[in-house]
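In the numbering used here, the protein residues as written are 14 to 123.
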């Protein structure tokens, strides 16, 4: 199962997110489309935050373990909040469609 934890501060501002685990959705001998979708959303959001919005991020990952962590170094600009909102919206929709046994989206106050 893949778990994505969205971190917010007490004021509700995004502070980062962590993605852990492999979905385990793939049928034998086929690629895992669910893992691919989660990776595309999370990595695409990181790239957009850095390249399009100019945000400063701390990113660490371990591909073999299915681990990705992204911490925002400062409060996000409005356009960046929209990018993260879009990622969260898409991840929650995927979780509903494929089931929480494959993908869970959680929120944590930091």
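Glycine included, each C-beta is placed from N, C-alpha and C at the ideal position.
Exposure label - residue i; buried when at least 16 CB within 10 Å
i: residue 76; result: exposed
i: residue 58; result: buried
i: residue 64; result: exposed
i: residue 68; result: buried
i: residue 42; result: exposed
i: residue 26; result: exposed
i: residue 112; result: exposed
Supposed close pair residue i, residue j - CB separation, criterion 8 Å
i: residue 16; j: residue 117; result: 5 Å
i: residue 81; j: residue 55; result: 6 Å
i: residue 18; j: residue 31; result: 5 Å
i: residue 121; j: residue 20; result: 5 Å
Residue i to residue j span [Cα, whole Å]
i: residue 14; j: residue 37; result: 6 Å
i: residue 24; j: residue 86; result: 16 Å
i: residue 123; j: residue 62; result: 20 Å
i: residue 78; j: residue 107; result: 21 Å
i: residue 102; j: residue 71; result: 22 Å
i: residue 98; j: residue 40; result: 31 Å
i: residue 74; j: residue 84; result: 12 Å
Nonlocal neighbours in the same chain, by C-beta distance under 6 Å from residue i, ignoring five residues either side
i: residue 92; result: 66
i: residue 33; result: 16, 80
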